[in-house]
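One structure is given below, encoded as structure tokens.
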Amino acid sequence: MDSDDRNDGEKLTEQASGFSRRDFLKVGGISLSVPLVMGPRTIRVAGQDVKIYGPGKVPISLNINAKNYSAEVEPRITLLDTLRNELDLTGAKRVCDRASCGACTVIIDGKAVYSCTVLAIEAQNKKITTVESLMNGDQLHPLQQAFVDNDGQQCGFCTPGFVMACKAFLDKNPHPKPDDLKTGLGGNICRCGTYVGVRAAVMQAATGQSAMSSLSDSLENEGGQANG
Ligand code: FES
Ligand code: FES
1 MDSDDRNDGE KLTEQASGFS RRDFLKVGGI SLSVPLVMGP RTIRVAGQDV
51 KIYGPGKVPI SLNINAKNYS AEVEPRITLL DTLRNELDLT GAKRVCDRAS
101 CGACTVIIDG KAVYSCTVLA IEAQNKKITT VESLMNGDQL HPLQQAFVDN
151 DGQQCGFCTP GFVMACKAFL DKNPHPKPDD LKTGLGGNIC RCGTYVGVRA
201 AVMQAATGQS AMSSLSDSLE NEGGQANG
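All residue numbers for the sequence shown refer to my numbering, where the first residue is 1 and numbers rise by one.
Here you go:
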């Protein structure tokens, strides 16, 4: 069959279907460029209706820092990526993306949570607090100021997550002892090694005064016991 025969064949098929290859390409192009946003489908499992979301984008709403946000995301997308990529809330940092470092820490319903381990769709109907909520105009939150005063950061990449972990810790333990901080903040890692400054910052935020001296005393005691 030569090319003319093939073209004739295609023309006959198009005439019969009333739908040309050009029409198909146009419709295909439209469906690729318009994101498909769908509500959940329901299937019957063990006598119960179960909602199925995705794999396309679904509409979600999130309460973040006492404000309601709407977004359209695939159900597999994490809260961290939704905050950063959809809502322009970039305080939480994406470092390990696998629940190891704490750079993505936010507070959900009062608990410090790695936002890289929570799906955005799961975070609906919860109270989410991010580091963006802490400043009051140009005024740093006392905990943020304490980080500055005590050199609680170097490169700063872990700092927003650390600040939120410290806030969740202080909300539950407003009068911590220096020893409590080691376990209370154990979920966050700082490659620059600012742990002493971070602990001092938390003590300052808790007591309202610089805690460097009392922390140094405690570390000296520890050293004394270790050497003794
Ligand atoms: S980025 Fe989430 S724990 Fe490291
Ligand atoms: S300040 Fe650099 S990783 Fe913590």
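From the three backbone atoms N, C-alpha and C, an ideal C-beta is built for every residue, glycine too.
Model, not experiment: these values are computed from the prediction.
8 angstroms Cβ cutoff met for residue i and residue j
| i | j | result |
| --- | --- | --- |
| ASN188 | THR105 | yes |
| GLY91 | ASP171 | no |
| PRO55 | GLU72 | no |
| ILE107 | ALA168 | yes |
| VAL163 | PHE147 | yes |
| GLY186 | PRO176 | no |
| PRO40 | LYS51 | yes |
| GLN144 | LEU134 | yes |
Other residues of its chain near residue i: CB distance less than 6 angstroms, five sequence neighbours each side excluded
| i | result |
| --- | --- |
| ALA103 | LYS93, VAL95, CYS158, GLY161 |
| LEU79 | SER115, VAL118, ALA120, ALA123 |
| ALA112 | THR105, ALA165, ALA168 |
| CYS101 | VAL95, ILE189 |
| PRO300 | Here the chain covers residues 1 to 228 and nothing more, so residue 300 does not appear. |
| TYR53 | PRO40, PRO75 |
| LYS126 | ILE108, ASP109 |
| THR42 | ASP49, LYS51 |
| ILE77 | ALA120 |
Sequence-distant residues of the same chain with beta carbon closer than 8 angstroms to residue i, five excluded per side
| i | result |
| --- | --- |
| ASN68 | SER61, LEU62 |
| ALA46 | none |
Neighbourhood of residue i by C-beta, 7 angstroms cutoff - its chain only, sequence neighbours within 5 removed
| i | result |
| --- | --- |
| ILE30 | Its pLDDT being 40, under 50, ILE30 is placed unreliably in this model, and the coordinates cannot settle the point. |
| CYS192 | GLN154, CYS155 |
| ASN173 | ASP180, GLY184 |
| GLU86 | ALA71, VAL73 |
| ALA99 | TYR114, CYS116, THR117 |
| LEU233 | Residue 233 is absent from the model: the chain starts at 1 and stops at 228. |
| ASN65 | THR129, THR130, GLU132, SER133 |
Neighbour flag for residue i against chain B, beta carbons, 8 angstroms
| i | result |
| --- | --- |
| ALA120 | Within the model displayed, chain B is absent; a lone protein chain is all it includes. |
>> Using a Cβ distance threshold of 8 angstroms, determine whether the stretch 149-164 contacts the stretch 194-203, with at least three qualifying pairs required.
In response: yes
> Which residues have their C-beta within less than 7 angstroms of a heavy atom of ligand 1, listed in chain order?
Replying inline: LEU80, LYS93, ARG94, VAL95, CYS96, ASP97, ARG98, ALA99, SER100, CYS101, GLY102, ALA103, CYS104, TYR114, SER115, CYS116, THR117
>> As an exercise, report each continuous alpha helix (DSSP H) stretch of at least 4 residues that is fully enclosed by the stretch 186-214, in chain order.
In response: 195-207
>> To test your reading of the DSSP string, which unbroken beta strand (DSSP E) runs of 3 or more residues are found completely within the stretch 87-141?
In response: 105-108, 111-114, 127-129
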